[in-house]
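Each residue of the sequence shown is one higher than the last, beginning at -19 in the working numbering.
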Amino acid sequence: MHAESTNHVHPIIRATNLLQEFSVPLIAGVVLGLLAANTNPHLYETCKHAAVLGHELTLHFIINGMFMCLFFGVATKEITQSTLPGGVLNPLRRAINPIVGTFGGVLGPAALYLALTWVFYGGTENFGAVANGWAIPTATDIALAWLAARLIFGASHPAVNFLLLLAVGDDAIGLGIIAIFYPDPNHPVQPIWLLLVVGGMASAYIIRRFRIRWWPVYILVGGTLSWVGLAKAGVEPALALVPIVPFLPHSGHAQGLFEEEVFGLSVLDQFEHQLKLFVDVGLFFFAFANAGVAFSSVGLVTMMVLVSLIVGKAIGVTLFSWAASLVGFPLPDGMGVRHLLVAGIIAGLGLTVALFVAAKAFPDGSPFQDPGKMGAVLSIASALVAFIIGWALKVRGRTSATETAGEIGETDRQSTAADG
-19 MHAESTNHVH PIIRATNLLQ EFSVPLIAGV VLGLLAANTN PHLYETCKHA
31 AVLGHELTLH FIINGMFMCL FFGVATKEIT QSTLPGGVLN PLRRAINPIV
81 GTFGGVLGPA ALYLALTWVF YGGTENFGAV ANGWAIPTAT DIALAWLAAR
131 LIFGASHPAV NFLLLLAVGD DAIGLGIIAI FYPDPNHPVQ PIWLLLVVGG
181 MASAYIIRRF RIRWWPVYIL VGGTLSWVGL AKAGVEPALA LVPIVPFLPH
231 SGHAQGLFEE EVFGLSVLDQ FEHQLKLFVD VGLFFFAFAN AGVAFSSVGL
281 VTMMVLVSLI VGKAIGVTLF SWAASLVGFP LPDGMGVRHL LVAGIIAGLG
331 LTVALFVAAK AFPDGSPFQD PGKMGAVLSI ASALVAFIIG WALKVRGRTS
381 ATETAGEIGE TDRQSTAADG
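Now the structure itself:
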């Protein structure tokens, strides 16, 4: 019955799913944003900062301060689901090596960026301003990294799930970095307002205790309190749903990120399924509003961000995960150092979150904002670098969805032996 229903999927639905799977709206937004900013920059800036209701409520604020709540909410759903039984973070021992690699994927690019800042800007008046962008290359775009991994390794290769776990952990750390290190520069931090965030969490808990299975109630009540609390506290309000989403009732087990799921299994699943199309399409507008930078802005900071993303991620992930394997936390069966290196390079795809961090690290008017954003945009090149190196190292697995578990295990053992 399942196969028959799959064959009768409406062509429009099939096309929509394909566009979502390959992140076409996001990529299209990047391309059109770059095109607009380089052909008619005045019109582009006018559209981006057009006031909707009053002076402060601009399209740019609606996208970055409000719509991105849903984006980070869906990201939090993926993190929450990954900790459930059957998820990539459960049980903990299974996740130790990629988690260690995640820290390498954050510390490596941050350290390289700061080192390059010291080399090129040390002793200058711009050192502090440029150094504030250290968090830009720590980001990984989950959807694009997952897509690139499937294309480079093969859909069933263990490196795909390894990289997915790495990206989820990276996003979790990234959310903390944004909240702690990049408060609103126009409003001093006022921690007392964070009590509203606690109130939002408490309301979500109470709603859950009443067994309400309609996710908008959790978002409208708990999410609104959290958003106001963060905004008043001077913390990035786009993170408002991060403390709320984990309270949404779930089925008690992970369905598998990016896999086909049965609609309505839990409130947590419904939250993602009913918002996923809206968020994916909305990323077009996010990319258009944030990736539109002039090619003439390419400069030293651009190259620092790009090199830190590609090289820093690769070195950090590889060294940390390799070290973890030496002390008793092995890589997944079928992964060796060569797979680890390529996975680290793919993790350099920072696009979405890197663009968001760049806008926070370098406020409007900073001469380094556009170069930093361009570095985030050009990080798409890490997929090409990973493809070339992956081809040279022959990392594409011979496993497939049709092979038996025994055949997959044998292939993985051979791959591990070859790396040894």
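Idealized CB from N, CA, C, for every residue including glycine.
Could you spell out where the alpha helix (DSSP H) holding residue i opens and where it closes?
| i | result |
| --- | --- |
| MET48 | 48 to 62 |
| HIS253 | 247 to 270 |
| PRO89 | 72 to 101 |
| ILE295 | 293 to 306 |
| LEU205 | 204 to 213 |
| PHE133 | 122 to 133 |
| PHE107 | 107 to 111 |
| LEU364 | 361 to 373 |
| PRO351 | 349 to 358 |
| VAL287 | 280 to 287 |
Once DSSP output is grouped into helix, strand and coil, what is the label at residue i?
| i | result |
| --- | --- |
| THR19 | helix |
| ALA31 | strand |
| THR38 | strand |
| LEU329 | coil |
| VAL322 | helix |
| MET315 | coil |
| ARG193 | coil |
| ALA224 | Just to set this straight, residue 224 is Ile in the shown sequence, not Ala. In this structure, ILE224 counts as coil in the three-state DSSP scheme. |
| SER183 | helix |
| ILE(-8) | helix |
| GLY154 | helix |
| GLN0 | helix |
| ASN141 | helix |
| PRO229 | coil |
| THR457 | The structure shown has nothing for residue 457, since the chain only spans -19 to 400. |
| VAL169 | coil |
| THR104 | coil |
| GLU216 | coil |
| TYR162 | coil |
| VAL148 | helix |
| GLU239 | Here GLU239 scores only 45 on pLDDT, less than 50, and its place in the model should not be relied on; the value that follows carries that caveat. Correct three-state label for GLU239: coil. |
| VAL337 | helix |
| PHE275 | helix |
| ARG188 | helix |
| PRO13 | It is worth fixing the name first, because residue 13 is Gly in this sequence and not Pro. Looking at GLY13 - three-state DSSP - the assignment turns out to be helix. |
From this set, the options, which residue's C-alpha is nearest residue i's C-alpha?
| i | options | result |
| --- | --- | --- |
| LEU124 | SER359, MET354, VAL273, PHE161 | SER359 |
| ALA95 | LEU228, ALA128, ASN112, ALA372 | ASN112 |
| THR38 | THR26, ALA109, MET48 | THR26 |
| ALA119 | GLY85, ARG318, THR298 | GLY85 |
| SER195 | HIS230, TRP207, LEU146, PHE142 | In the sequence as presented, Ser is not what sits at residue 195; that position holds Trp. Comparing Cα-Cα distances from TRP195 to each of HIS230, TRP207, LEU146, PHE142, the minimum goes to HIS230. |
| VAL337 | VAL297, ALA75, ALA159, PHE265 | ALA159 |
| GLN254 | GLY53, ASP151, PRO117, GLY352 | GLY53 |
| ALA211 | PHE227, VAL222, GLN170 | GLN170 |
| GLU1 | VAL261, LEU23, GLY214, GLY328 | VAL261 |
| ASP249 | PRO226, SER136, PHE268 | PRO226 |
| ASP121 | GLY103, ALA147, SER136, THR97 | ALA147 |
| LEU329 | GLY67, GLY103, PHE367 | PHE367 |
| PHE107 | THR97, ALA115, TRP114 | THR97 |
| LEU286 | ILE42, ALA115, LEU(-1) | ALA115 |
| VAL93 | LEU331, GLY296, ASP344 | First, the residue type needs correcting, since residue 93 is Tyr and not Val in the sequence shown. That would be GLY296, whose Cα lies nearest to the Cα of TYR93. |
| LYS256 | PHE47, GLY9, ALA361 | PHE47 |
| THR332 | PHE100, VAL10, ALA(-5) | VAL10 |
Confirm the yes/no value for this check: CB of residue i, any heavy atom of the ligand FMN, distance under 7 angstroms.
| i | result |
| --- | --- |
| VAL177 | As far as ligands go, the structure on display features none, and thus does not contain the ligand FMN. |
How about the stretch 162 to 181 and the stretch 197 to 206: do they share at least three Cβ pairs that are nearer than 8 angstroms?
yes
Tell me, please, whether the stretch 125 to 145 touches the stretch 322 to 342 by the rule of three or more beta-carbon pairs shorter than 8 angstroms.
yes
Any chance the stretch 270 to 278 sits against the stretch 10 to 21, with 3 or more Cβ pairs inside 8 angstroms?
By the Cβ criterion, the stretch 270 to 278 is in contact with the stretch 10 to 21, since at least three pairs of Cβ atoms, one from each stretch, lie closer than 8 angstroms.
Hey, is the stretch 139 to 158 in contact with the stretch 334 to 349, meaning 3+ C-beta pairs nearer than 8 angstroms?
Short answer: they touch.
Contact the stretch 58 to 77 vs the stretch 295 to 309: 3+ CB pairs below 8 angstroms
By the Cβ test, the stretch 58 to 77 is in contact with the stretch 295 to 309, since at least three Cβ pairs between them sit closer than 8 angstroms.
Does the structure place the stretch 49 to 64 close enough to the stretch 272 to 292 that three or more beta carbon pairs sit under 8 angstroms?
no
Please determine if the stretch 136 to 146 and the stretch 307 to 321 are in contact, where contact requires at least 3 C-beta pairs separated by less than 8 angstroms.
yes
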